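>
Protein chains: 2
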Amino acid sequence: MDATNHRPRQQVSCDACPLRKRQEFRDFSEDELAFMRRFKRGELTIDKGAAILQEGAHTPHLYTVLSGWAFRYKMMRDGRRQIVNYAMPGDMIGLQGSLMGEMQHSVEALSPMTLCVFERAELFGLFTRSPELAYDVTWIASREECMLDENLLTVGRRTAQEKIAYLVVFLWSRSVACGLTGRNVVDITLTQQHVADTLGLSLVHTNKMIRKLAERKLLTWSDGGCRILDLERLRRLAQWDDAIPAKRPFL
Amino acid sequence: MDATNHRPRQQVSCDACPLRKRQEFRDFSEDELAFMRRFKRGELTIDKGAAILQEGAHTPHLYTVLSGWAFRYKMMRDGRRQIVNYAMPGDMIGLQGSLMGEMQHSVEALSPMTLCVFERAELFGLFTRSPELAYDVTWIASREECMLDENLLTVGRRTAQEKIAYLVVFLWSRSVACGLTGRNVVDITLTQQHVADTLGLSLVHTNKMIRKLAERKLLTWSDGGCRILDLERLRRLAQWDDAIPAKRPFL
DNA sequence: CGGGAAATTGACATTAATCAAACTTAGTGG
DNA sequence: CCACTAAGTTTGATTAATGTCAATTTCCCG
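If you're matching them up, the sequences are chains A and B in order.
Using this note's numbering, read the first sequence as starting at 1 and increasing by one per residue.
Using this note's numbering, read the second sequence as starting at 1001 and increasing by one per residue.
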């Protein structure tokens, strides 16, 4: 698709970054672009279901999602799993590990993905050479924190049905925020087990509550995913407060 | 206590910062110290129970806790409350608001506090002038994220008794990590309502489970706070995985 | 000593978890 | 094209965990 053919697995240059084009993301100055070109180590293609990072590991890398979806989770020794958040285009993966040493959570792909790869060791260099980009990294970390706060409110205080409503609106809203179509469809292939593990519910109960929301004509579950029937009522049910900024930085 | 007497409410200079002396926190270079002296706007004294920040507000300030404790929480319209984390000496308050514009959570003091005050508008200046300090800010944000992940696991997947055990060990561990005595005492005056709102439990059930842990001789609840009787068993019950770094940056 | 906040308790209601099974779907190999 | 399988979904029955309600008690604090 690009001009340069003969190289195997040719990666997109930062100049042609598919994310930058999207109106949801901010533009880069020429300097920033130049820096990113050097900072970028390569691209990684991941299969659906593959493990991207493992709790306890020390990776030398740091990623930004170029396409696809993943989920971030923690496990207890006896197998209980808690999904803490999802990663979508424009999100960073592994920042925590870069800063704190060891990964405290695992990440797994929910779809085929392509990631932009950076060198963890060079992160400090980014702070040295581009305060703007450093500020963006912090902004991104701060946004993550914001989402986690809300997830915590959901898991701790919403009822099962509200939880599901919240999650659906959350995922839809985020997919819109990174420029994906999402006209009332949450195009993520999610298992009800994923929903359960995100919301702190059992699989069976999750299924029953999804069924109830379907009866109420708020959504449909089909093809291993969720279709929104009545966004407005879902929002109200979840007491959704929109708080998503317009233009956002990335990487 | 300081040499300079006649000024009302004389604040401590960064050179004599009470946190810096503690071995738990990292040292500053002379440059960093110089920068902080200029960055610091003043000190704020807060009463127990006072609101430090309100959800939805736009404050021009950013804080670091010098002494005392606070909790960070979100509320739903119908009054349900979720405490998402606690702030202790060395923690920043309001970073999220600084980066994202509007506060997405509120903060309330659990004890008398003194805060170090910075100008939100100058945060970017910090990134420009000191990459090291900027990196520290990001590190701190990242650590917060790490705690939130674990809290999410707790609220979502631990049972009521495990939750309480977790919270007690968590608070104790954090109080140790910022250099407070905490020899088996969690010196935070917490209400059982706070515990309930942190863990996503009802007040009544929280009380009953605390009682049960007391019967099992794991802890005592007295004087509006918690005393640890058997740290090791609490850890095991909570499946606590220690993951707290030794030397940490602040502010 | 009085009053209010916090803690505690018992009875009861409800939500959600667990267990066990059946069903559906998509993919696979014959 | 048809078993056959595996993963995911759905259901009903039952149990366990947690929430709600309504007092009551304890403990501070002025």
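C-beta atoms are modelled at their ideal positions from N, C-alpha and C, and glycine is treated no differently.
Keep in mind the model is a prediction, meaning the values are calculated, not measured.
When you check each C-beta in the stretch 1125-1142 of chain B against every C-beta of chain A, which residues fall closer than 7 Å?
Of all residues in the stretch 1125-1142 of chain B, PHE1127, THR1128, PRO1131, ALA1134, TYR1135, VAL1137, THR1138, TRP1139, ALA1141, SER1142 have a Cβ within less than 7 Å of some Cβ in chain A.
> At what residues does the beta strand (DSSP E) containing ILE83(A) begin and finish?
81-87
> Name, please, each residue of chain B whose Cβ falls closer than 7 Å to the Cβ of ARG38(A).
Residues of chain B passing the Cβ test: none, with the nearest at roughly 17 Å.
> State the Cα-Cα distance for the pair THR1059(B) and ASP1078(B), rounded to the nearest angstrom.
Taking the straight line from one Cα to the other gives about 25 Å.
> Run through chain A and tell me which residues come within less than 7 Å of GLY1200(B), C-beta to C-beta.
Under the 7 Å cutoff, chain A gives VAL155, GLY156, ARG157.
> Taking the CB atoms as reference points, tell me whether ILE93(A) and LEU53(A) lie closer together than 9 Å.
Result yes, Cβ atoms of ILE93(A) and LEU53(A) sit closer than 9 Å.
> In terms of alpha-carbon separation, which member of ASP1136(B), TRP1172(B), LEU1219(B), ASN1085(B) lies closest to CYS146(A)?
ASN1085(B)
> Applying the 10 Å Cβ sphere with the 16-neighbour rule, what's the burial state of ASP1015(B)?
exposed
> Please report how far the alpha carbon of ARG174(A) lies from the alpha carbon of GLY90(A), in whole angstroms.
One C-alpha to the other measures close to 11 Å.
> Below 8 Å, how does it come out for the stretch 1127-1140 of chain B and the stretch 124-139 of chain A: are there three or more Cβ pairs, yes or no?
yes
> Closest to GLY1042(B) by CA distance: which of LEU1066(B), LYS1048(B), VAL1168(B), ARG1248(B) is it?
LEU1066(B)
> Among THR1189(B), THR1220(B), LYS1074(B), LEU1153(B), which one has its Cα closest to the Cα of TRP1240(B)?
LEU1153(B)
> Which word fits PRO249(A), buried or exposed, when buried means at least 16 other C-beta atoms lie within 10 angstroms of its C-beta?
Buried.
> Answer yes or no: does any C-beta atom of chain A fall closer than 9 Å to that of GLN1239(B)?
yes
> So, with DSSP's three-state summary, where would you put ALA1121(B)?
helix
> Pull up the CB-CB distance for MET1103(B) and GLY1056(B), whole angstroms please, since I reckon it's below 8 Å.
The Cβ separation is near 6 Å, so the contact holds.
> Terminal residues of the continuous alpha helix (DSSP H) containing ALA1160(B)?
1160-1177
> Check whether the stretch 1195-1212 of chain B and the stretch 1105-1124 of chain B touch, using three or more Cβ-Cβ pairs below 8 Å as the test.
no
> Count the other CB atoms, across all protein chains shown, that sit within 10 Å of the CB of THR1064(B); report buried if there are 16 or more and exposed otherwise.
buried
> Closer than 7 Å between beta carbons: that is the criterion. Which residues of the stretch 1075-1099 of chain B meet it against chain A?
Correct list: MET1076, ARG1077, ARG1080, GLN1082, VAL1084, LEU1095, GLN1096, LEU1099.
> Which of the residues in the stretch 1099-1115 of chain B, read from start to end, lie with their CB under 9 Å from any CB of chain A?
LEU1099, MET1100, GLY1101, GLU1102, GLN1104, HIS1105
> I'd like the span of the alpha helix (DSSP H) that includes TRP1328(B), first residue to last.
This structure cannot speak to residue 1328(B), because chain B is shown only from 1001 to 1251.
> Tell me where the alpha helix (DSSP H) around GLY1097(B) begins and ends.
1095-1100
> Return the CA-CA distance between ILE228(A) and LEU1148(B), expressed in angstroms with no decimal places.
If I take the Cα positions, the gap works out to 29 Å.
> Looking at the secondary structure, which residues open and close the alpha helix (DSSP H) in which ALA238(A) lies?
231-238
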